[in-house]
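Participant: Chains as they are written, first to last, in this note's numbering: chain A, 748 to 1089; chain B, 686 to 1083; chain C, 2 to 73.
We put the CB at the ideal spot given by N, CA and C, even for glycine.
Every value quoted in this text rests on a predicted model; they were computed, and no experiment measured them.
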Amino acid sequence: MSEVIELPGVTEENWHELAWERGWGDGLPTVPPTPARVAAALAALEGIDLELGPVPPSGLVPTPESFAANAVMAGCRPGDLPVVLAAVRALLAPEYNLHGVLATTHPCAPLVVVGGPVRAAVGLNSGGNCFGQGTRANAVIGRAVQLVTTHIGGARPGSMDRSTQGTPAKYSWCFGENEEESPFEPFSVRRGFAPGESAVTVAACEGPHNINDHGSTTGLGLLMTIAGTMTAAGSNNVYVKGPHFLVLGPEHAATLHRDGWTVEAIRDWLWERARIPVAQFSEENRRQFEDWGVKPDGDQYTVSTGSEMLHVLVAGGAGKHSAWIPSFGATAAVSRAVPVGR
Amino acid sequence: MSSDWDVAVVGAGVAGLTAARVAAQAGLRVVAYDRMAPGGQLVNLTALHDVPGPGEVTPSAELLGRLVAAAEAAGVTMSFAEVTRVHAGASPRLETSEGEVGAGAVVVATGLSAGRLGLPGEELLVGRGISTCAGCDGPLFRGRAVAVVGDDDWTAEEALELAEVAAAVTVLVPGRPGWSAERAARLAASGRIEVLTGATVTALRGEGVLSGVVVATSGGERELAVDGLFPYVGRRGPGALVDGVATDESGRVRTDDGVRTAVPTVFVAGDARSGAPDSVPSAEADGAAAGAAAVAALRPAAGRGLRIVDPTFGVQPAGSAAEILSGGTAEWTEVALFSNSKPNATELLRGVGERLQAHWELPEIGFASKPNASAAADKDVIDWLSQRYKMVLVAVGD
Amino acid sequence: MELEKRGVVAPLLVTSTFLPLVEAQAKARRVTPRVVVVPHPVGGLNEAELAERIEAAAGALLPLADEARGSA
């Protein structure tokens, strides 16, 4: 098929009906990717290498235009495209395991965590309600990433996307780190990027699981609640292992920091303490784990394989909440710099 | 169910490929189905007479190559799924070997089935003396006697082609000949062709392999000893494939006005259409008309539609073929030849195979073939070749 | 082409007039065929003409086969 197509009988007014009929989009209205809109979006990427690898499962390589068309459909403004591009590049890294991610029954979505000055430039929310609705950049960047895999990769629900229940995170799962209110070194810097450099980190993750603790007044107290939340017998991280994320609300982060907890110390403590007694698993399930080569450490199962698999960062606004984000397991946290054009 | 395609073309011969190209050039999403390779009747013909103009001859493969390349360039997707049923209606649906598919419009361009006499034992002798492809199977009858049954230009052309290899060709015309004067003259000029009019084949002779036929004429019945029989009568249109459209007594689809059927979203082009002349130019004209009619049916009078960049567009990665190489567990000493059984294809393969055998000092070279060029390769043969051999030299086109 | 998809090295012997068709089919099946092209036609040739075709085809095939074997 050719890249620019004419849709007989279609106007801006009835576009959504047609797009839906063709299986395009995610169910919400999309913006028609007219050549003019696509050209305007691509102008924001001038001077940037737009080469992308094949997108599973179709194995097709997006052209700059078809990549941009998906961003336009998602509602991106031209300035959002460098962030979407970085996220798609990261998603296509072999260790992310996009093919497996798209075909699994597990409810995972491409989590996109953004750090650095680009957050302010595109208006990305890293404060209150940053996982939720109401901010354009969060909504459209995560959505654009999902549309690229749906449209070019062909991973449509029901055919290739075999998720049992899915997750609302599949509509869009993107937020910025609240670097400004974090007492720790920015996550992107710990991922190897220079301070002041913008970067994204992606991983195939579930939606967030809330950690409510209004009562604890010490870091240790908070960690006990966090560990209690992370020790879920049904999470993939117990037996598939892989990365998982602890996103601290700024108030919880401040308490931990005040009590001398560093990111390293938090990870180490949770690795040792967030363990699940074998007795919480049925015998059948334990046999299944055994068959898969997953053994308990003594009389407890660990969450993933080591402290380094837990990624700790800060996001959100006022309040005594944090979140744990389990992953698909057979994926990796992959980071890429947000490219800067001319 | 949403429609998967704007236009689905069933059959990728001259008419189908042309219809698909015309619709795709108008920006529609078009799939062309052919359970074998694209080509239709062209696959079975060696040369086309009176194409591009009267008195001129074009190799059929050349025309076919052009038609396929043009359709591909216009964005037509080729599918090798077999269409087993077409449900006509406001939103036509197709049952295929790969599942059900919806389309905004359907162009039926299946052509006709192979010729058959409708006699007892006939199916058992197909491929054992009975053939409908002179270009494919003619050389099997080198120096032997064959009969051709039919009354049209196609019959005449096949008889003329057979006369180049066979010792004697008897053309059995059920009524009066319907071929052109030019072909009548060429038939008369051949020393090896005899035409019998008012002749009906009433029985087939042969145990396992054809040895002769019984022919009834006004002068009574007589035995005719032949090793080959090429029937071009009893060909049927796609009536049984398509629900909800009217057909004539030979199963060809009736039209109200050119290529339009009574169903506004279903069109028919080429030999599948009742009353269509059996020629390449008319099949092309039908295809173009059906493609344009499908576009008109889907595009309201409002005029041009919205132009967008296709969000599903992608290209094949460079160098993807190299990755395929790594499969196969056989050793490099395991080499075979696979012939399409076209004239001289096996000889050519064997000649080239001997050269490779000497070059690599191979103890032996395997051999397989498919029974005739127009059939798809047997899955079992492909399975066997792919498990047993590291390299298979394939004859695909002449 | 089906053979190549299954990991068998399967050079295709085609005549020049068939080349566009083979290429188009390969594109439809998303494979890059190894093609040995010989002048059209093959059918109807006498022995001497056929020998010429064999010579031409072998000249193209042998290096292609060596390369396939060498890179495997």
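#1: Specify, as a first and last residue, the run of the beta strand (DSSP E) that S873/A falls within.
#2: Taking CB distances under 8 Å as the criterion, tell me whether V1000/B reaches chain D.
#3: Ends of the alpha helix (DSSP H) at L4/C?
#4: Whole beta strand (DSSP E) runs in the stretch 950-1017 of chain A with 3 or more residues, listed along the chain?
#5: Please name the residues in the stretch 1018-1041 of chain B whose beta-carbon is closer than 7 Å to at least one beta-carbon of chain C, in chain order.
#6: Closest Cβ-Cβ distance between P755/A and chain B: below 8 Å?
#7: Could you name the residues of chain A that V994/B contacts, counting a contact when the two beta carbons are closer than 7 Å?
#8: With DSSP run on the structure shown, which of helix, strand or coil describes E928/A?
#9: Who are the neighbours of L702/B on chain A, taking C-beta pairs under 7 Å?
#10: Please list the partners that R984/B has in chain A, where partner means a Cβ-to-Cβ separation under 7 Å.
#11: When the Cα of L672/B is compared with those of Q726/B, T781/B, E906/B, V753/B, which residue comes out closest?
#12: Helix, strand or coil for M1056/A, going by three-state DSSP, please let me know.
#13: Report the start-end ranges of each beta strand (DSSP E) in the stretch 828-886 of chain B that is 3 residues or longer and not cut off at the edges.
#14: Against Y1093/B, what residues of chain C qualify as contacts under a CB-to-CB distance less than 9 Å, listed in chain order?
#15: Give me whichever residues DSSP pairs with F915/B in a beta bridge.
#16: Which stretch, first to last residue, makes up the beta strand (DSSP E) that contains A902/A?
#17: For a cutoff of 8 Å on Cβ pairs, would you count V802/A as touching chain B?
#18: Pull up the distance between the alpha-carbon of R770/B and that of G893/B, whole angstroms please.
#19: Going by Cα to Cα distance, which pick from R877/B, S798/B, I1050/B, A841/B is closest to G922/B?
#20: State buried or exposed for A1058/B, treating a residue as buried only when at least 16 other CB atoms are found within 10 Å of its CB.
#21: Can you give me the start and stop residues for the alpha helix (DSSP H) that M820/A sits inside?
#22: So, is G1063/A buried or exposed, given that buried needs 16 or more other C-beta atoms within 10 angstroms?
#23: I'd like to know whether the C-beta of V835/A is nearer than 8 Å to at least one C-beta of chain B.
#24: Cβ of S805/A less than 8 Å from any chain B Cβ?
#25: Can you tell me where the alpha helix (DSSP H) holding T1049/A begins and where it ends?
#26: Which residue wins for smallest C-alpha separation from A790/A, given the options K917/A, F934/A, R824/A?
#27: Whose CA, out of D838/B, L889/B, E849/B, lies closest to the CA of L733/B?
#28: Going by CA-CA distance only, name the one from R877/B, V930/B, L748/B that's closest to A848/B.
#29: With DSSP as the reference, identify every bridge partner of L13/C, one or two as the case may be.
#30: Measuring straight from C-alpha to C-alpha, what distance separates E842/A and S764/B?
#31: Whole angstroms is fine: what's the gap from G1012/B's alpha carbon to L797/A's?
#32: Is P997/A closer than 8 Å to E926/A when the C-beta atoms are compared?
#33: Along the stretch 40-58 of chain C, where does the CB come closer than 8 Å to a CB of chain B? Name the residues.
#34: For A818/A, which residues of its own chain have a beta-carbon under 7 Å away from its beta-carbon, when the five flanking residues on both sides are left out?
#35: Is the shortest distance between the beta-carbon of L14/C and the beta-carbons of chain B less than 8 Å?
Facilitator: Well, looking at it:
#1: For this step, residue 873/A is matched to residue 126 along the first sequence. Neither: S873/A is in no beta strand (DSSP E) and is coded neither H nor E.
#2: Among the protein chains in the structure shown, which are A, B and C, there is no chain D.
#3: Indexing the third sequence from 1 puts residue 4/C at position 3. Looking at the DSSP string, the run of the alpha helix (DSSP H) that includes L4/C is 3-6.
#4: 956-959, 991-995
#5: K1027, P1028, N1029, A1030, E1032, L1033, L1034, G1036, V1037, R1040, L1041
#6: As a first step, residue 755/A is located in the first sequence; it is residue number 8 there, counting from the start. Judged by the 8 Å Cβ criterion, P755/A is in contact with chain B.
#7: Counting from one through the second sequence, the residue named residue 994/B turns up at place 309. By Cβ distance, chain A contributes E750, V751, P780, P782, V785, E812, S813, A816.
#8: Within the first sequence, numbered from 1, the residue matching residue 928/A stands at position 181. Helix.
#9: Here the question's residue 702/B lines up with position 17 in the second sequence. Correct list: empty, because the minimum Cβ distance to chain A is about 17 Å.
#10: Position 299 of the second sequence holds residue 984/B. Simply P755, G756.
#11: An answer regarding residue 672/B cannot be provided, because it is not within the stretch 686 to 1083 covered by chain B.
#12: The count along the first sequence starts at 1 and reaches residue 1056/A at position 309. If DSSP states are grouped into helix, strand and coil, M1056/A belongs with the helices.
#13: 830-834, 853-858, 878-882
#14: Beyond the ends of chain B as shown, which are 686 and 1083, falls residue 1093/B; an answer cannot be given.
#15: For this step, residue 915/B is matched to residue 230 along the second sequence. DSSP, once it has assigned bridges, lists V833/B as partnering F915/B.
#16: Start at 1 with the first residue of the first sequence, and residue 902/A comes out as number 155. Taken as a continuous stretch (DSSP letters only), A902/A belongs to no beta strand (DSSP E), as it is neither H nor E.
#17: Taking the first residue of the first sequence as 1, we reach residue 802/A at position 55. Closer than 8 Å to some Cβ of chain B, the Cβ of V802/A qualifies, so yes.
#18: Translated into positions along the second sequence, residue 770/B becomes position 85. Translated into positions along the second sequence, residue 893/B becomes position 208. Each residue's Cα considered, the two are about 34 Å apart.
#19: For this step, residue 922/B is matched to residue 237 along the second sequence. With distances taken between Cα atoms, G922/B lies closest to S798/B.
#20: Position 373 of the second sequence, counting from 1, holds the residue named residue 1058/B. In this predicted model, A1058/B has a pLDDT of only 49, less than 50, meaning its place in the structure is not dependable; the value taken from the coordinates is given anyway. The residue is buried, with at least 16 neighbouring Cβ atoms inside 10 Å.
#21: Your numbering for residue 820/A matches position 73 in the first sequence. From DSSP, the alpha helix (DSSP H) with M820/A extends over 811-821.
#22: As a first step, residue 1063/A must be located in the first sequence, where it is residue number 316. Classification for G1063/A: buried.
#23: On the first sequence, position 88 is the one that residue 835/A refers to. Chain B contact via Cβ: absent.
#24: Here residue 805/A is taken as the residue at index 58 of the first sequence, counted from 1. S805/A counts as touching chain B.
#25: The residue labelled residue 1049/A in the question sits at position 302 within the first sequence. Careful: T1049/A lies outside any alpha helix (DSSP H), inside the beta strand (DSSP E) at 1047-1049.
#26: The count along the first sequence starts at 1 and reaches residue 790/A at position 43. When each option's Cα is compared against that of A790/A, the closest is R824/A.
#27: On the second sequence, residue 733/B is found 48 positions in, with the first residue counted as 1. Closest option to L733/B, Cα to Cα, is D838/B.
#28: The count along the second sequence starts at 1 and reaches residue 848/B at position 163. Ranking R877/B, V930/B, L748/B by Cα distance to A848/B puts R877/B first.
#29: The residue you call residue 13/C lines up with position 12 of the third sequence. For L13/C, which the question treats as bridged, DSSP gives the partners V1079/B, V36/C.
#30: Counting from one through the first sequence, the residue named residue 842/A turns up at place 95. Counting from one through the second sequence, the residue named residue 764/B turns up at place 79. About 34 Å.
#31: Numbered from 1 along the second sequence, position 327 holds the residue referred to as residue 1012/B. Numbered from 1 along the first sequence, position 50 holds the residue referred to as residue 797/A. Reliability fails at G1012/B, whose pLDDT of 46 lies under 50, so the model's placement of it is uncertain and the value that follows must be treated cautiously. Near 32 Å, if we compare the C-alpha coordinates of L797/A and G1012/B.
#32: As a first step, residue 926/A is located in the first sequence; it is residue number 179 there, counting from the start. As a first step, residue 997/A is located in the first sequence; it is residue number 250 there, counting from the start. Cβ distance not < 8 Å, so E926/A and P997/A don't count as in contact.
#33: H41, P42, V43, G44, G45, L46, L51, A52, R54, I55, A58
#34: One-based indexing of the first sequence puts residue 818/A at position 71. Excluding residues within five positions, the ones whose Cβ falls inside 7 Å are A788, D827, L828, V831, A891.
#35: To locate residue 14/C, count along the third sequence from 1; it is residue 13. With 8 Å as the cut-off, L14/C counts as an interface residue toward chain B.
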